[in-house]
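Participant:
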Amino acid sequence: MRIGLGPMSPVAEAVGGEGWAPEATVDAAMLAEASGFDSVWFLDTDFGGSRSQAATALAGAAAARTRAVRLGVCPIVTRGHPLHAAEDVAVLDVISNGRVIACPASSSSSAGDAAGRFPEAVEILLHAWSGDAFSYDGRFYRVPARLPSNAGAVQVTKVAVTPLPAQTAVPVWLPGWIAEARPLAARLGMPLLGSPFASLAELVACHEPLRRPARERRIPLTVPVVREVCLAPTAAAAWALAESVLSRPYARYAERGLISAPAGDFKSLAADRFIVGDPLQCLAEIERYRAAIGLNYLICRFSVAAAAPARIAEVVDLFARTLVPHLRMVNPDVPAGS
Amino acid sequence: MEIGLGLWGMQTPALAPAAWSNVYQDVLEEAELADELGFAFFLTTEHHFWYDGYCPSVLVACAAVAARTRRIRLGTGMVLLPMHDPLQVVEAATVVDRLSGGRLVLGVSLGYRDVEFDAFGLERRERARRLTDGVALLRAAWGRDTVTFRGDVYHVDDAPGPLRPVQEELPVWIGAGSVAAVERAGRLGCPVLIPAVVPLERVVELGWRYREAARQANVPPDRCRLGVMRVVWVDETDAAARAYMVPLMRAMWLEQYAGWGLFLDERGRAIRGDRAALLEQHIDRAVAESYVGGPDTVRRGLAAIRDAGVDFVCCRIQTGAVRSAPLRRCMERLAQDVMPHV
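If you're matching them up, the sequences are chains Z and F in order. Residue numbering for the first sequence follows our numbering, beginning at 1 and increasing consecutively. Residue numbering for the second sequence follows our numbering, beginning at 1 and increasing consecutively.
(1) When the Cα atoms are used, what is the spatial distance from Z:A121 to Z:P82?
(2) Does DSSP classify Z:E314 as helix, strand or coil?
(3) If you run the structure through DSSP and keep just helix, strand and coil, what is F:E46?
(4) Counting only beta-carbon atoms, is Z:V40 nearer than 9 angstroms to chain F?
(5) Please list, in chain order, all residues of the same chain as Z:L241 whose beta carbon is under 7 angstroms from its beta carbon, the five residues on each side excluded.
(6) In chain order, what residues of the stretch 176 to 207 of chain F put their CB closer than 7 angstroms to some CB of chain Z?
(7) What residues in the stretch 168 to 182 of chain Z have a beta carbon less than 7 angstroms from any beta carbon of chain F?
(8) To the nearest angstrom, how far is it from the Cα of F:R125 to the Cα of Z:Y289?
(9) Quick check on F:W233: does DSSP put it in helix, strand or coil?
(10) Is it right to say F:W208 is buried, meaning 16 or more other beta carbons lie within 10 angstroms of its own, or is it exposed?
(11) Taking Z:V316 as the reference, give the member of Z:E23, Z:R99 and Z:G36 with the closest Cα.
(12) Could you tell me how far apart the beta carbons of Z:L283 and Z:L318 are, in whole angstroms, since I believe they sit closer than 8 angstroms?
(13) Is any beta-carbon of chain F found at less than 9 angstroms from that of Z:A64?
(14) Could you please tell me which residues of the stretch 16 to 28 of chain F, in chain order, have their CB closer than 7 angstroms to any CB of chain Z?
(15) Does the stretch 235 to 245 of chain F touch the stretch 202 to 221 of chain F, meaning 3 or more C-beta pairs lie closer than 8 angstroms?
(16) Are the beta-carbon atoms belonging to Z:V26 and F:Y24 less than 9 angstroms from one another?
(17) Can you tell me which of the three DSSP states Z:F134 falls into?
(18) Does the structure place the stretch 90 to 107 of chain F close enough to the stretch 158 to 167 of chain F that three or more beta carbon pairs sit under 8 angstroms?
(19) Counting contacts by CB-CB distance shorter than 9 angstroms, is Z:D113 in contact with chain F?
(20) Which bits of chain F does Z:D88 rub up against, with CB to CB less than 7 angstroms?
(21) Between the stretch 290 to 299 of chain Z and the stretch 211 to 226 of chain Z, do at least 3 Cβ pairs fall closer than 8 angstroms?
(22) Taking Cβ-Cβ distances below 8 angstroms as the criterion, which residues of the stretch 196 to 209 of chain Z are in contact with chain F?
(23) Got a sec? Which residues, its chain only, sit under 6 angstroms from F:W260 by beta carbon, not counting five neighbours each side?
(24) Check each residue of the stretch 81 to 93 of chain F: if its Cβ is closer than 9 angstroms to any Cβ of chain Z, include it; give the result in chain order.
(25) Evaluate contact between the stretch 242 to 258 of chain Z and the stretch 209 to 216 of chain Z, counting only Cβ atoms and requiring at least three cross-stretch pairs below 8 angstroms.
(26) Is there contact between the stretch 193 to 204 of chain F and the stretch 280 to 300 of chain F, where contact requires at least three CB pairs shorter than 8 angstroms?
(27) In this structure, how does DSSP classify F:M83 when only helix, strand and coil are distinguished?
(28) Is F:R2 helix, strand or coil when you go by DSSP?
(29) In its own chain, which residues sit with a C-beta less than 7 angstroms from the C-beta of Z:A320, not counting the 5 before and 5 after it?
(30) When we look at the beta-carbon of F:L137 and count the other beta-carbons within 10 Å, is it buried (16 or more) or exposed?
(31) What residue does the beta strand (DSSP E) around Z:D46 start on, and which one ends it?
(32) Just to confirm before moving on: does the CB-CB distance between Z:V161 and F:H48 stay below 9 angstroms?
(33) Where does Z:D88 fall in DSSP's three states?
(34) Which class does Z:T234 belong to by DSSP, given the choice of helix, strand or coil?
(35) How would you list, in chain order, the residues of chain Z whose beta-carbon sits under 8 angstroms from the beta-carbon of F:W50?
(36) Return the chain-ordered list of same chain residues with a C-beta closer than 6 angstroms to the C-beta of F:A217, the five sequence neighbours on each side being excluded.
Pasting the structure below:
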């Protein structure tokens, strides 16, 4: 199994302050690399009164301070023109010498149009990273637009994004929390990144349509899921910490309809959603995900560390010492390029 | 007069083919050296869809530079603001400001290549309105928890604001080479950076128009700072400097800027290869405006700029094809043999 840290997003202080300070994300990336994590993740956010579209910039800073760890980015591709997102990710891949995993995401600001825009935007990204000059005629995007007023000395009918990513094929995952991403993932054969808000049953519903054809065709499939991980030397300490850090933000997520869980009961919220406990309990919990959905890439959303940056070294160190050696031994067949 | 360095576009043109990843690694090391040597600023540059990889995402690159430097101001020279959503620019710029501890300078300019506007589905003729309105929106959003803005182009109602930045006010420079552009910068109260091809006597005239436009718009004089870009190269002797830099500079002017329509005739039409003799004259003039030589020659050139009333100069030592080893030697000579005397 592979292990990631994140996704980290600097949510504006005005809306609650549970996000990562930009400076802390770079420190976390360096720590994750030193602790043997496979990837660190950065997320654009645009929901519930918070907005930050700087995941690739944050990852750019992390790229400059690390050498090996992969950089996962979830840029929103429907808010601006997707060509900008394609360029940002390509530059990040070059800065990091080919360490990017891209998970293009959608924006609540483009709701209504989002269902149509998102698949087109993803197609544009794939064209842009192919190395070929291309044109695109969709319902929402036309590249180049060929506007009569822009006709200069040279009539351009195709564009080629440069620089090209350093990787010949940037690994692309799609966000499992976006409905329109699911059929796209099935059609394009891409992994779906499981949401931290989804329960285990919801993850099964999300991943099963991809697993069955992969099993039948004997194609290895990356099954990545983001989970809140709250690990402590004792179960009592872990649960106390989890409740103190997670109950308030997740209550807000529930109010906004992002989580289908009964309000007010932390144990019900945590069940099948958070990985909480001492090392053995956490391992057992992760094993449940492996058995149910074939989890082979766990991305740990250490909200505990975001809430108290001084504790991140302690949190990551405990995870790396107690869990990583075991997790490396299970589901080792993650496809190359992850 | 402040002396800074530019313009890093992270290119691999035909004259200097290289792997893009190696180029970016070199740039990070060059930024570290510029930081150590005490230059005032380090500017990256944006263009799109050019064969040599000209950097299209300067704030991503700036974030990487921020993570590897401590003191130098780092900036964009320029973000082509009309092609971007200003709110997205503010969000990324705030992150770079935070990562750098408040060292970001956001240079913005119009952009001029048809292909760039067309690829993004924008009309080039709208660029001036989008720039003016975009700068106003950048300022309205910087450091605010929520953003409401009613402009000529952009309308924002109660949108979430960006992170809290380090700098109380976002420093916005405007790249401008015409009367209309410097007057716009003056009215906006932004420092202005005039391109390398503009002769010094014209810089002086544009500087006067810039300050006058600011005065008429009741912009405080201390908000106006006149900057100029110059291709600069220092070697041991004039001959050595010219032998290395002049061919690279001519190649840049010819392949890149002439192809893009930067050189204009008296009627404002782009001079391209179909008017080769006229194009050659313009390139000769651009080369003549550079300061390429031994330390004495470059000192005299920069002193002339200073004496013309220029507040800051961006020494363009990277034309796109300059290799890292000679670039680093030039930076050291500039810092040790020229800067202390200017």
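Note that the Cβ used here is the ideal one computed from N, Cα and C, for glycine as well.
Facilitator: In brief:
(1) Z:A121 and Z:P82 have their alpha carbons spaced roughly 5 angstroms apart.
(2) Looking at Z:E314 - three-state DSSP - the assignment turns out to be helix.
(3) Looking at F:E46 - three-state DSSP - the assignment turns out to be coil, as it is neither helix nor strand.
(4) No, no contact with chain F.
(5) Sequence-distant Cβ neighbours of Z:L241 in its own chain, meaning closer than 7 angstroms and more than five residues away, are C230, A232 and V304.
(6) Answer in chain order: no residues at all.
(7) So nothing in the stretch comes that close.
(8) Roughly 55 angstroms separates the two Cα atoms.
(9) Three-state DSSP puts F:W233 in a strand.
(10) Exposed.
(11) Restricting attention to Z:E23, Z:R99 and Z:G36, the CA atom closest to the CA of Z:V316 is found in Z:G36.
(12) Cβ-Cβ separation between Z:L283 and Z:L318: approximately 13 angstroms, too far for a contact (criterion under 8 angstroms).
(13) So, interface residue.
(14) Listed in sequence order: W20, S21, Y24 and L28.
(15) Taking 8 angstroms as the limit for Cβ pairs, the verdict is that the stretch 235 to 245 of chain F does not touch the stretch 202 to 221 of chain F.
(16) Their beta carbons are not under 9 angstroms apart, which means Z:V26 does not touch F:Y24 by this criterion.
(17) The answer is strand: DSSP assigns Z:F134 an E or B state.
(18) Two segments are said to touch when three or more pairs of C-beta atoms, one from each, lie closer than 8 angstroms; by this definition the stretch 158 to 167 of chain F touches the stretch 90 to 107 of chain F.
(19) Output row for Z:D113: interface = no.
(20) Those within 7 angstroms of Z:D88 in chain F are S57 and V60.
(21) Segment contact: the stretch 290 to 299 of chain Z against the stretch 211 to 226 of chain Z, three or more CB-CB distances shorter than 8 angstroms; contact assigned.
(22) So nothing in the stretch comes that close.
(23) Residues R113 of the same chain have their beta carbon placed closer than 6 angstroms to that of F:W260, with the five preceding and five following residues left out of the count.
(24) The stretch 81 to 93 of chain F vs chain Z, Cβ under 9 angstroms: M83, H84, D85, L87, Q88, E91, A92 and A93.
(25) With the cut-off at 8 angstroms, the stretch 242 to 258 of chain Z and the stretch 209 to 216 of chain Z do not touch.
(26) Between the stretch 193 to 204 of chain F and the stretch 280 to 300 of chain F there are three or more inter-stretch CB-CB distances shorter than 8 angstroms, so the stretches are counted as touching.
(27) It is helical.
(28) It is worth fixing the name first, because residue 2 of chain F is Glu in this sequence and not Arg. In this structure, F:E2 counts as strand in the three-state DSSP scheme.
(29) So the list reads S35 and G36, once near-sequence residues are dropped.
(30) F:L137 should be labelled buried.
(31) Segment T45 to F47, the beta strand (DSSP E) holding Z:D46.
(32) In contact: Z:V161 and F:H48 (Cβ atoms closer than 9 angstroms).
(33) Annotated three-state conformation of Z:D88 is helix, per DSSP.
(34) Coil.
(35) Residues of chain Z whose Cβ lies closer than 8 angstroms to the Cβ of F:W50 are, in chain order, T162.
(36) So the list reads R187, once near-sequence residues are dropped.
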